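Residue numbers (this note's numbering), protein chains in the order written: chain V, 100 to 560; chain L, 358 to 980.
In structure tokens form, the structure reads like this:
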């Protein structure tokens, strides 16, 4: 189960994510200094005075990851009131990620949103008036975390984790069946099948854990969805941004039937641009699927770039389109950038009527004009704190943490099976792995096992 | 006419009996009101106590000074330790009892308990003043005053018995239902519901051919339930196993159109893990047979309980179907199986002490709370009896944690999750099952029982002796070496690696291939050490072996418990206004208001309260 009140040491990036000169990673908890010391070459941090700074390397075995400055704060004289460390490292995403993963490997846990502040509060470092704010922070985070995390997982990973978990539940149910219903006339699955299943799950978990190091599992970056009616130049815009031909471009309306996306780094911040099918009323089944997907993307996007043909439509049309999208996705379209394309074909009068909608930007994708205005606008939205990339890094590390835990627990089960360990002991490790996987998918185990048994087996006298 | 009592207990089943004994032994004056003095502690369903998870509960009741373990030991006709091939957390004692003796012994035990009075009548009304219970009014119109009341109504409240197309008002075969209480409590805002359970036919043992069935004898070395000096069995009766078959199923199906289950006449929710035979056939049609346990009802009686054949089909279908089973060709039926529907009160309306939230000093225990099983009922009765006494004497309630006892798991589940089907205990409901073993219930609970005044000084001393000598023995094994000469032949015989130099005894105990006994046999000095432990030697030896063999896992569980305990120690006040905490989800606000948890730990187990909600609560508590 989730631990709400533990001494485990937590770590998180304290500076805004993305590329910068310097990034600060914070660790807090009883073992914070010890954990940092185990990856730090330089002075023995366990022996140094509080409030002191030390130069040295962060190393993974013999590989130097970065040279850093480490500040040591001993509890209770720290922000959280616990032993705390601040590592100032170089600001590339790679270094940040590697240092975080190393700390997790050494026993730290990726902090949840607001956790440093929560600990500070619980340790009497903040006054009561701040409680409400911390509470809101925690609840708003949790509402979005799982959705965000699932959204960030590439391709079939989230489905795969779910599937692994379902298989494990089956497996665990069979174990529990053996334990609680040994008197019943039911067949228990044989150990060989168990071993095969575990080796499959274990292998897949190891692969997933390993691939974190290469960034293969999670999508980083702020999701920017490009939406609009068919044939307004969405794919051309995307290609321009990506400077390569990824999307299928043609003059036939409704060409982009799938969702196309790619990542681009603008001034050190990762953006994920997502091209969608043009939105219009259609009878074409295939096309409506594409449009459905477009709405899904809009629902999950951090920023929407709404592209319209400035030479053809009116401000009223654009407003109607936006209202329509808001209705379809069931929430107001926040953080929208209105972008008038084909500015070269539109007259000044045509352009000025759109001022009623706020301050739209105008570009000519075909002539590669005005793109910089768009990228500046994106950056300024990040600077103003309207959107952030931090959730990505947090969930990313949290998943790494949970997958590692699940993987270790599965290894324990396999070892146990090889040693003919008793079923009730095996069950303990299976439960830990289920808990870890459940935390990723946001599902809770408690009654799943009994439910599964009752629905599948004829139990009872 | 009658004196004022400290406590009135309504109902004389397993819950009522334990409640009466506990409160009386603690010093309360108790009146047990039962509709029939002849059916006190009646085993309404099968004549057996214990089983997986339930056996652990009986051991816990005994360790707390309850009587179920003692009565079981003194009335059992067969003992088996189930799951012996599994780890020690799974070992579960189960006994077949003599039904008549069981009830008689309970009655005699209560009669011999000072402070317990009896009154035969139906309670039809509670005396309630200002949301506080003050006594009861009986069907005969007798008013009896008391400081508190425990209702343990079993299946009697508005009970309806279903048998084929017939349905009869009744609380048990040939016994009337009770009326009045549900309606009165509803008028005070209590929510009630309907549950359903069933029982199989009883048959004439002389009409069965046991040679056609599999014999299921008791254990060769039977153990027992109670930690007191009750005696283990020296002779036992066997049970038998037979199976249904396609023919049985075909006959049963002819009754389906008259089945109260399938025609929708039964509205109550029945337990999925205790399905009727018609349910098994319908839901698991791919199975061509189902196991039937043929269980004697006592030492001398010829009555047989047909376990696994619970049914509410018409009686002629029941007997016809049984006749198709091996060994049952000429069966004579004594009484048919039936289904029964009864009222229960969703248990989220209770505090952890089993006192109702709506009416002070009113407690519920047993099936009225949506549970099923003698053991579940008995343990709730015990806890309600203890808590009624404590409250009358101005003391804090006695609440067991999930990490301390199955009883703790049971009550915590009921109060925080509620239940919509009859709740039975399973080991998988306990997150710390490795700690909640049948062998250590006394170590876990008897010191608490002593503090309550339910365990005498001698028993406590024995438990303390067992505990300290177990620790000493483990220390001895960790510090005493064994040489290759002493142990290698044993290692070879058990197909585990030989040792090349001296090793500590402990290191060898942890090898799964070896039992402690193997090592003792190879090490005379260890045998000598153990022989000084006296009559508790077997218990100490077993305890030490378990603790050594599973040390790693047990330590891990203890670690988890400690973390959880910190949450359990964060108290929430009863008048916390959850509506004002806007950061909580709306579902959490509603559920927290309903349950009014005592601790953060309890709050974390309420369904609908998320981890984020708990973090928010902790922040609001301000550490």
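Just so you know, even glycine gets a beta-carbon here, dropped at the ideal spot from N, CA and C. These numbers were taken from a predicted model, which means no experiment stands behind them.
CB contact below 8 Å: residue i versus chain L
{"i": "residue 245 (chain V)", "result": "Because the pLDDT at residue 245 (chain V) is just 49, under 50, the model does not fix this residue reliably, and the point stays unresolved."}
{"i": "residue 521 (chain V)", "result": "yes"}
{"i": "residue 548 (chain V)", "result": "yes"}
{"i": "residue 295 (chain V)", "result": "no"}
{"i": "residue 539 (chain V)", "result": "no"}
{"i": "residue 344 (chain V)", "result": "Bear in mind that a pLDDT of 45 at residue 344 (chain V), under 50, signals an unreliable position, so the model cannot answer this."}
Chain L contact residues for residue i, given Cβ-Cβ distances below 8 Å
{"i": "residue 506 (chain V)", "result": "Ordered by position in chain L, no residue passes the 8 Å Cβ test against residue 506 (chain V), which lies about 17 Å from the chain."}
{"i": "residue 279 (chain V)", "result": "409, 410, 783, 784, 785"}
{"i": "residue 273 (chain V)", "result": "What residue 273 (chain V) touches in chain L: nothing, since even the nearest Cβ is about 12 Å away."}
{"i": "residue 518 (chain V)", "result": "869"}
Chain-ordered chain V contacts of residue i [CB-CB under 9 Å]
{"i": "residue 791 (chain L)", "result": "523, 524, 527"}
Below-8 Å beta-carbon distance, residue i vs any chain V residue
{"i": "residue 440 (chain L)", "result": "yes"}
{"i": "residue 681 (chain L)", "result": "no"}
{"i": "residue 443 (chain L)", "result": "yes"}
{"i": "residue 648 (chain L)", "result": "yes"}
{"i": "residue 446 (chain L)", "result": "yes"}
{"i": "residue 886 (chain L)", "result": "no"}
{"i": "residue 907 (chain L)", "result": "yes"}
{"i": "residue 910 (chain L)", "result": "yes"}
Span separating the alpha-carbon of residue i from that of residue j
{"i": "residue 473 (chain L)", "j": "residue 493 (chain L)", "result": "17 Å"}
{"i": "residue 469 (chain V)", "j": "residue 462 (chain V)", "result": "5 Å"}
{"i": "residue 265 (chain V)", "j": "residue 533 (chain V)", "result": "9 Å"}
{"i": "residue 364 (chain L)", "j": "residue 816 (chain L)", "result": "27 Å"}
{"i": "residue 515 (chain L)", "j": "residue 526 (chain L)", "result": "7 Å"}
{"i": "residue 841 (chain L)", "j": "residue 888 (chain L)", "result": "24 Å"}
{"i": "residue 685 (chain L)", "j": "residue 652 (chain L)", "result": "13 Å"}
{"i": "residue 514 (chain V)", "j": "residue 510 (chain L)", "result": "50 Å"}
{"i": "residue 383 (chain L)", "j": "residue 506 (chain L)", "result": "16 Å"}
{"i": "residue 809 (chain L)", "j": "residue 900 (chain L)", "result": "25 Å"}
{"i": "residue 303 (chain V)", "j": "residue 668 (chain L)", "result": "47 Å"}
{"i": "residue 624 (chain L)", "j": "residue 544 (chain L)", "result": "22 Å"}
{"i": "residue 503 (chain L)", "j": "residue 413 (chain L)", "result": "33 Å"}
{"i": "residue 974 (chain L)", "j": "residue 160 (chain V)", "result": "42 Å"}
Interface residues of chain L facing residue i [CB-CB closer than 7 Å]
{"i": "residue 434 (chain V)", "result": "Those do not exist, as residue 434 (chain V) stays about 24 Å from chain L at its closest Cβ, beyond 7 Å."}
{"i": "residue 553 (chain V)", "result": "629, 630"}
{"i": "residue 220 (chain V)", "result": "976"}
{"i": "residue 282 (chain V)", "result": "439"}
Any non-hydrogen atom of the ligand PLP within 7 Å of residue i CB
{"i": "residue 524 (chain L)", "result": "Of the ligands one can find in the structure shown there are none, so the ligand PLP has no counterpart to examine."}
Within-8 Å CB hit, residue i to chain A
{"i": "residue 827 (chain L)", "result": "In the displayed structure, chain A is absent; the protein chains listed are V and L."}
Query raised in the report: Is the region 543 to 559 of chain L touching the region 691 to 711 of chain L, taking contact as three or more C-beta pairs under 8 Å?
Result: yes
Query raised in the report: Do the region 885 to 899 of chain L and the region 916 to 934 of chain L touch if we need at least three Cβ pairs shorter than 8 Å?
Result: no
Report task. Count the CB pairs spanning the region 190 to 197 of chain V and the region 158 to 173 of chain V that are closer than 8 Å, and state whether there are at least three. Result -> yes
Requested in this report: Would you check if the region 390 to 404 of chain L and the region 455 to 472 of chain L touch, i.e. whether three or more CB-CB distances between them fall below 8 Å?
Outcome: yes
Query - Segment contact flag, the region 613 to 631 of chain L with the region 766 to 784 of chain L, C-beta cutoff 8 Å, min 3 pairs - result: yes
**Report entry** Entirely enclosed alpha helix (DSSP H) segments - the region 918 to 955 of chain L, minimum 4 residues
**Finding:** 943 to 952
Query raised in the report: Should the region 703 to 711 of chain L be called in touch with the region 517 to 537 of chain L, which here means at least 3 C-beta pairs below 8 Å?
Result: no
Requested in this report: With a floor of 4 residues, list each alpha helix (DSSP H) that falls wholly inside the region 407 to 488 of chain V, ordered by position along the chain.
Outcome: 414 to 428, 447 to 451, 470 to 482
Query raised in the report: Are at least three pairs of beta-carbons, each pair with one atom in the region 571 to 583 of chain L and one in the region 603 to 622 of chain L, less than 8 Å apart?
Result: no
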